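Protein sequences, first through last, are from chains A and B. Here the numbering used here is used: the first residue of the first sequence is 1, the next is one more, and so on. Here the numbering used here is used: the first residue of the second sequence is 317, the next is one more, and so on. Idealized CB from N, CA, C, for every residue including glycine. Treat the numbers as computed from the prediction; the structure is a model and nothing was measured.
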Amino acid sequence: MTTTEVSWEFFEEEIERPPLTPAQVAWRRFRCHKMALVGVGLLIAIFLYVIVGAFIYSEADANRTDLSITLSPPSRDHPLGTDGTGRCILARTIYGGQISVLIGLSAVIVSVTVGVLIGAISGYYGGHIDAILMRFTEAMFNIPQLFLLILLAKLLSGKIPTFKLLGRSFSGSVIVIIGVIGLTSWMYLARIVRANFLSLKEQEFVTAARCIGSRNFSIIFEHILPNSVAPIVVAATLGVASAIINEAYVSFLGLGVQPPTATWGNMLDQAYHHLDSEPWMWFFPGMLILLTVLGINFVGDGLRDALDPRALTQTE
Amino acid sequence: MAPLLEVQDLTTRFYTLDGIVHAVNGISYTVEEGDTLGIVGESGCGKSVSVLSVMGLIPEPPGKIAAGQVLYKGQDLLQLDQKQMERIRGKEIAMVFQDPMTSLNPVLTIGHQIGESLIVHLGMGQKEARRQSVELLDMVGIPQAADRYSDYPHQFSGGMRQRAMIAMALACSPNIFIADEPTTALDVTIQAQIIDLVKTLRDQLGMAVIWITHDLGIIAGLAEKVLVMYAGFFIERGSVDDIYGDPRHPYTLALLKSVPRVDRTSKERLAVISGLPPDLLGLPPGCPFAPRCTYMVEQCRKENPCLEPIGFGHEIACWVDVTTGRER
């Protein structure tokens, strides 16, 4: 008698429970992805490193030169050593990390905005608009991204003065690099979004939306776009990693963010002449780039599986 | 007084790579306030295209409304631009589609989708739209409407989704409610519920209903006037009593014979209309039904008959008098 009562209560609880929202379903699947959780852990660690670190070391520490201790190996005072002008590598990786992550995120915001706009308009309207926008996208695709990056960085460098934000001064080159990376990496996303829109706009719910008198603008952004959020989120996440790599690359060539503003990339540039003799100069910023990119890619993979509706049966 | 909706000589074509598809070929009908009009016919005979043309939802290209007028309160909808048409759709004329599984946006809440037309057409604020949407959900018979407001479509069953679609369509109390086979994807009990719901709401709100279906049984209990469509033409028009009690077109006759009936013995086999509807890419001259027609005479191959009155409000497009089997 008692057993039936217990099981009935349990059953009732099952019924009473509200159905899962799409976000809950995605999180449940994301949790099953071990590497993605490792990635999240890595990213949290790096965020803590660059944010909590800033409370311990001031920006002045990061930029203070001390010629008496140039190129000193890791020690008590400077746990990660110092660089060619005696600046503390630890403090510089903290502040450089902020800039690198900032560039990664902002560049992706730029590329997602451009990519989604072009892809959505192209896919939704079709016809001549589609033809023109897609030829333009293909033209951009055909120019090697690094070539574009270097060319634009060179042309625009020094055009924007140093500015202050939140009590910190940023080299104008940060803005240039964000713009340049953002504007050279939207093409892939534009294609994904266009392809998505091409199939989604034929769905009956789009006709239904037009039937209640929705405007094109609201159909594109309110009705169709939320349906293609999954591929956009995945592409954007992976985009952050490639933006950080690109920043490192351009900075390594000396065309990126200009010193004294540190980034992981230009720290590598400065380590170039000390590859053999002072390995701590490149090891730590290099390692941080590696871990960040790795973490983001793991998370991106996890998101791809979690948000892909076709993967529904695999993880449950 | 001018009728609420007057469709004159509406002709819609699709210009495809294979050739021109003559989907709708010069159909005319009128809808008065509070009317219920049934349009019946087989799949692919232009029923949906004819109402999508009225709504201005034919994709162009490849589609094109080649001729005709759609007068809504005396105003030709085909002449309106995109902006003006948006003001008509959903507010004056609303439509519900066949498959409730695909016509709701899976990533937006039910409430959001119902509220949208209130916000667009009536300029309501979010709060007001929410209150009104809950009321609409309640009106179409969704239990605990306030809780269900923020549900997603996948949390609704098929019948509930179709109810939600109807709530969406009725949000701005349209004058004309077009239902494009809204019960085809539902099982029979839910089908009956939806039909009852539409009937009740029609009487309550005093709107005109255009109901498209291939199920003659539905129309019998719902519509006052019936149009039978074949290959993009209307081939018979009349009151429900005319069509069911005294069908005069061979196609209507054949359709009625192919419907199972409770009062017939189960040993009888259902009649089948042999052949397939004609390819709308290239209609032969003459009556489009001629190749499948058991009453066919010489004239049928030569010339396509026009709708001609044979009784009060009863018209057919046929060369033959089916009561005698001879040419009229």
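- For H437/B, a Cβ of chain A is located within less than 8 Å of the residue's own Cβ.
- At a C-beta separation below 8 Å, D415/B has these neighbours in chain A: E204.
- Take L152/A, set aside five residues on each side of it, and the residues of its chain with a beta-carbon closer than 6 Å to its own are V180, in chain order.
- Following the DSSP letters along the chain, one finds H223/A in no beta strand (DSSP E), marked with neither H nor E.
- The beta carbon of D415/B lies closer than 7 Å to those of A501 in the same chain, with the five residues before and after it left out.
- V240/A places its beta carbon 8 Å or farther from that of G119/A.
- For the set L238/A, A208/A, V234/A, S185/A, the Cα lying nearest the Cα of I224/A is the one of A208/A.
- When Cβ pairs closer than 8 Å are counted between the two stretches, the stretch 288–297 of chain A is seen to touch the stretch 40–54 of chain A, the count reaching three or more.
- Taken through DSSP and simplified to helix, strand or coil, G554/B comes out as strand.
- G522/B sits exposed, since fewer than 16 C-beta atoms from the chains shown fall within 10 Å of its C-beta.
- Closest by C-alpha distance to R329/B, out of N491/B, G379/B, V575/B, is G379/B.
- About 6 Å separates the beta carbons of P498/B and Q478/B, which is inside the 8 Å limit, making them a contact pair.
- Sequence-ordered contacts of the stretch 219–246 of chain A with chain B read H223, P226, N227 [C-beta pairs closer than 7 Å].
- Listed along chain B, the residues sitting closer than 7 Å to R215/A by beta-carbon distance are E402.
- For D325/B, the enclosing beta strand (DSSP E) covers residues 321–332.
- T162/A and Q258/A have their alpha carbons spaced roughly 10 Å apart.
- The continuous beta strand (DSSP E) containing N341/B extends over residues 335–347.
- Proximity of the stretch 585–596 of chain B to the stretch 354–365 of chain B meets the contact definition, three or more beta-carbon pairs being nearer than 8 Å.
- Closer than 8 Å to the CB of A195/A there is not a single CB belonging to chain B.
- Going by beta carbons, I551/B and V544/B fall inside the 8 Å limit.
- Per the coordinates, the alpha-carbon of S228/A lies some 13 Å from the alpha-carbon of Q203/A.
- In this structure, L255/A and K154/A form a Cβ contact; the two beta carbons are roughly 6 Å apart against a cut-off of 8 Å.
- Taking each of H78/A, L183/A, S68/A, D83/A in turn and checking the Cα distance to L149/A, the smallest one comes out for L183/A.
- Here the C-alpha atom of A54/A lies approximately 7 Å from the C-alpha atom of Y95/A.
- Not a single C-beta of chain B is nearer than 8 Å to the C-beta of R29/A.
- Scanning chain A for C-beta atoms nearer than 7 Å to the C-beta of E432/B yields I212, S214, reported in chain order.
- When DSSP states are grouped into helix, strand and coil, G179/A belongs to the helix group.
- Close partners of S419/B in chain A (Cβ separation under 7 Å): E204, F205, A208.
- DSSP places H437/B in the helix class (H, G or I) of the three-state scheme.
- M481/B has its alpha-carbon roughly 14 Å from the corresponding atom of A461/B.
- Separation of L599/B and R210/A (C-alpha to C-alpha, rounded to the nearest whole angstrom) is 32 Å.
- Bounds of any alpha helix (DSSP H) do not take in A547/B, whose DSSP letter is neither H nor E.
- Around the CB of I177/A, 16 or more other CB atoms lie within 10 Å, so the residue is classed as buried.
- By the Cβ neighbour-count rule, D463/B is exposed, with fewer than 16 other Cβ atoms within 10 Å of its own.
- Beta-bridge partners assigned by DSSP to G39/A: none are found.
- The beta carbons of T65/A and S171/A sit no closer together than 8 Å.
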